[in-house]
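Engineer: The structure under discussion is supplied below as structure tokens; questions concerning it will follow.
Protein chains: 2
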Amino acid sequence: MPPVADLIDIRQLRRSCASCGLQELCLPAGISGDDLARLDAAVRDKRVLERGRALYRAGDAFHSLFVVRSGALKTFVTDENATQQVIGFHLPGEIVGIDALASGRHASQAEALERTSICELPFAQLEHVTSEIPALQRQLLRVISREVVQEHEHLVTMGQQQAQVRLAIFLKSLADRYNTLHRDGNHLVLPMSRHDIASYLGLVVETVSRWFTRFEDAGILEVRRKAVTILRPDLLAQMCRPAESDSGSKKARHPAAN
Amino acid sequence: MPPVADLIDIRQLRRSCASCGLQELCLPAGISGDDLARLDAAVRDKRVLERGRALYRAGDAFHSLFVVRSGALKTFVTDENATQQVIGFHLPGEIVGIDALASGRHASQAEALERTSICELPFAQLEHVTSEIPALQRQLLRVISREVVQEHEHLVTMGQQQAQVRLAIFLKSLADRYNTLHRDGNHLVLPMSRHDIASYLGLVVETVSRWFTRFEDAGILEVRRKAVTILRPDLLAQMCRPAESDSGSKKARHPAAN
DNA sequence: CCGGGTTTTTGACGGCGGTCAATTGCGGCA
DNA sequence: TGCCGCAATTGACCGCCGTCAAAAACCCGG
Chain A
1 MPPVADLIDI RQLRRSCASC GLQELCLPAG ISGDDLARLD AAVRDKRVLE
51 RGRALYRAGD AFHSLFVVRS GALKTFVTDE NATQQVIGFH LPGEIVGIDA
101 LASGRHASQA EALERTSICE LPFAQLEHVT SEIPALQRQL LRVISREVVQ
151 EHEHLVTMGQ QQAQVRLAIF LKSLADRYNT LHRDGNHLVL PMSRHDIASY
201 LGLVVETVSR WFTRFEDAGI LEVRRKAVTI LRPDLLAQMC RPAESDSGSK
251 KARHPAAN
Chain B
1 MPPVADLIDI RQLRRSCASC GLQELCLPAG ISGDDLARLD AAVRDKRVLE
51 RGRALYRAGD AFHSLFVVRS GALKTFVTDE NATQQVIGFH LPGEIVGIDA
101 LASGRHASQA EALERTSICE LPFAQLEHVT SEIPALQRQL LRVISREVVQ
151 EHEHLVTMGQ QQAQVRLAIF LKSLADRYNT LHRDGNHLVL PMSRHDIASY
201 LGLVVETVSR WFTRFEDAGI LEVRRKAVTI LRPDLLAQMC RPAESDSGSK
251 KARHPAAN
């Protein structure tokens, strides 16, 4: 039997952007040839973070942006009571560290949720390369914009949705992102704890747990700890919109303005 | 008597970045001489929007980024029920439109809360100029980063705070931003409606109204409709942190993780 | 100065979800 | 294999804030 696993490992270990499976999503999108080689030169050694290790912490001096290569990160801020608020979860192809550009210091902490490999983009060198390659500059802004859009969606979720809708949206968004990574979005293995999910959604862990159970009772999900199977994607999608709009629905929390 | 008002008007009407009072906050920060002139050439006619007019709408094709010059904007998204969720309020020196870079179409709507003047930065030309001026490129990213940081703070607010804390944080943040604009942050004239504030904070308008009243009763604010005076900035700052941490406080909604 | 419509305020009430507490389940380690 | 600790689940309770309704304040045009 051919060592399939080994082949995959070899691919994972490759260093060049040219051979990266994330090309379409990440900075190299639309770049090729010479330019790609120049970008490659700017990307520093790929790092591997074990679960629970921090990539950077709040207050750290800013030197680099980072792109997730495999695995997953969470970013969060910690207040004076050591309470942490999860800002986002970051899957392969997504960029982190942008918030440090304004002040020169990281405002949040990024931590590996599982074994995670990272591309480091030292900012000074990245700047140099982008100034020479307009297409790359555009792509950098595009990747950043993608993050901003995701945060907007998150804000909307936190702003006006019931707990069950928040959880449904979270799962759907995760499934969608797995799909764009060519993984099976209906068989999720959640790298984050229930506590992280709760924090991310502005809920408490008990509420998250309860709604997992109810979704399972409703036949929408099969939940076995971290392993979540979406049995009825159609129903899950339905849950993502607030209460059936029977005229005069009771659950619409923000009736149309004006 | 010298026509002081006229002098101010003349200043407002000037078009060049070199003479703009926002230089320190906006893109020109750290740019000068020739480079500034090149940036100036890329900035299109300053527009004026009357209250209630849209700068762009969701779905519009992306052509430009915009910087608020005077006045104020809100950005929001509208869901299928015509419910609007306010994403942010934007004061002079702040940039909007970044979320459109990813897809080429605006994902949100930007609307003037009062008479507002705008600098339009046609993206194609902006790209051209930034690629020639590294310092400008860095500054663009810095301004974008500032927006991302603000959204993070907003997320944290929405995520784990009581209604009164959210309102306090909102007012404090507004006061701080007015201060950096060299205005008096203790005498606010809110350009947005109570409804907008509620939406922004993930609350309903009644809750916002009630807390304004209670802050007034507590002697923290003087509220007369849109005109809000901060009488006790110290107390307001205190309200910005959740519940006194008496050991075992009842109000801590997310006890320290781990 | 007056009248209609909108924004804001105030009150009463009920439910969602946060709090507290106890149990269960799973993983790691000797 | 059995113990320990943490994560996750489940249940009981209740308070904050959303809902509904009405009054008050304000705006503006005539």
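First to last, the sequence lines map onto chains A and B.
Quick note: the UniProt record's numbering has the first sequence finishing at residue 258, numbered continuously throughout.
Quick note: the UniProt record's numbering has the second sequence finishing at residue 258, numbered continuously throughout.
Even glycine gets a Cβ: it sits at the ideal position worked out from N, Cα and C.
Please read these numbers as outputs of a predicted model, since none were measured by experiment.
1) Which residues mark the beginning and the end of the beta strand (DSSP E) in which A:ARG44 is found?
2) Nearest to A:ARG142 by CA position, among A:ARG38, A:CYS26, A:HIS63, is which residue?
3) Just reading off the alpha helix (DSSP H) that A:SER131 is part of, what are its end residues?
4) Please report the distance separating the alpha-carbon of B:GLU216 from that of A:ILE220.
5) Report the residue ranges of all alpha helix (DSSP H) runs contained in full by the UniProt domain "HTH crp-type" (161-234) of chain A; include only those spanning at least 4 residues, in chain order.
6) Along the chain, where does the beta strand (DSSP E) containing B:THR83 start, and where does it finish?
7) Run the proximity test for A:GLU153: is its beta-carbon closer than 8 Å to any non-hydrogen atom belonging to the ligand ATP?
8) Smallest Cα separation from B:THR116: which of B:THR207, B:PRO233, B:MET192, B:THR229?
9) Check whether the region 25-44 of chain B and the region 162-173 of chain B are in contact - that is, three or more C-beta pairs closer than 8 Å.
10) Just to confirm the assignment, what range does the beta strand (DSSP E) spanning B:ARG69 have?
11) Whose Cβ in chain B lies nearer than 9 Å to the Cβ of A:ILE144?
12) Could you have a look at A:SER145 and say whether DSSP puts it in helix, strand or coil?
13) Go ahead and label B:GLY71 buried or exposed: buried means 16 or more other beta carbons lie within 10 angstroms of its beta carbon, across all protein chains shown.
14) Does the Cβ of A:GLY97 have 16 or more other Cβ atoms within 10 Å, making it buried, or fewer, making it exposed?
15) For A:ALA110, report the span of its beta strand (DSSP E) as first-last.
16) According to DSSP, simplified to helix, strand and coil, what is B:ILE8?
17) By Cβ distance below 7 Å, which residues in the same chain neighbour A:LYS172 in space, the five residues on each side in sequence not counted?
18) Quick one: residues in its chain with C-beta nearer than 8 Å to the C-beta of B:ASP99, no 5 flanking neighbours on either side, listed in chain order?
19) Roughly how far, in whole angstroms, is the beta-carbon of A:TYR200 from the beta-carbon of A:PHE89, given that I think they are within contact range, below 8 Å?
20) Round the Cβ separation of A:ILE31 and A:LEU126 to the nearest angstrom and send it over; I've been treating them as touching at under 8 Å.
21) Nearest-angstrom Cα distance between A:ARG183 and B:GLN85?
22) Between B:ILE118 and B:VAL68, which are expected to be in contact by the criterion C-beta below 8 Å, what is the C-beta distance as a whole number of angstroms?
23) Measure the Cβ-Cβ separation of A:PRO233 and A:ASN186 and say whether it is below 9 Å.
24) Quick one: Cα of A:LEU101 to Cα of B:LEU181, how far?
25) Using the Cα positions of A:THR75 and A:ASP176, report the straight-line distance between them to the nearest angstrom.
26) Quick one, which of A:ALA198, A:GLU24, A:LEU190 has its alpha-carbon nearest A:GLY93's?
27) Closer than 8 Å by C-beta to B:GLN12: which residues in its own chain qualify, once you throw out the five before and the five after it? Chain order, please.
28) Please check if any C-beta of chain A sits within less than 9 Å of the C-beta of B:VAL77.
29) Could you tell me how far apart the beta carbons of B:ALA58 and B:VAL77 are, in whole angstroms, since I believe they sit closer than 8 Å?
Structural biologist: Let me lay it out:
1) 44-49
2) A:CYS26
3) 123-132
4) If I take the Cα positions, the gap works out to 48 Å.
5) 163-180, 194-201, 205-217
6) Premise fails: B:THR83 is in no beta strand (DSSP E) and is neither H nor E.
7) Only the bare structure without any ligand can be found here, which leaves the ligand ATP out of the picture.
8) B:MET192
9) The region 162-173 of chain B and the region 25-44 of chain B do not touch, with fewer than three beta-carbon pairs separated by less than 8 Å.
10) Run containing B:ARG69: 64-70, per the beta strand (DSSP E) assignment.
11) ILE98, LEU101, ALA102, LEU141, ILE144, SER145, VAL148
12) helix
13) So B:GLY71 counts as buried.
14) buried
15) 109-112
16) Note that B:ILE8 scores a pLDDT of 42, beneath 50, so its modelled location is shaky and nothing firm can be said.
17) LEU236, ALA237, CYS240
18) Taking C-beta separations shorter than 8 Å and ignoring five residues to either side along the sequence, the partners of B:ASP99 in its chain run HIS106, ALA107, SER108, following chain order.
19) 7 Å
20) Contact flag wrong, Cβ pair sits at about 13 Å.
21) When rounded, the distance between both Cα atoms is 32 Å.
22) 6 Å
23) yes
24) 21 Å
25) Straight-line Cα distance between these residues: approximately 20 Å.
26) A:GLU24
27) The predicted position of B:GLN12 is uncertain, since its pLDDT is 44 and thus under 50; a value taken from the coordinates is nonetheless stated next. Around B:GLN12: SER70, SER117.
28) For B:VAL77, the answer is yes, since a Cβ of chain A falls inside 9 Å of its Cβ.
29) 6 Å
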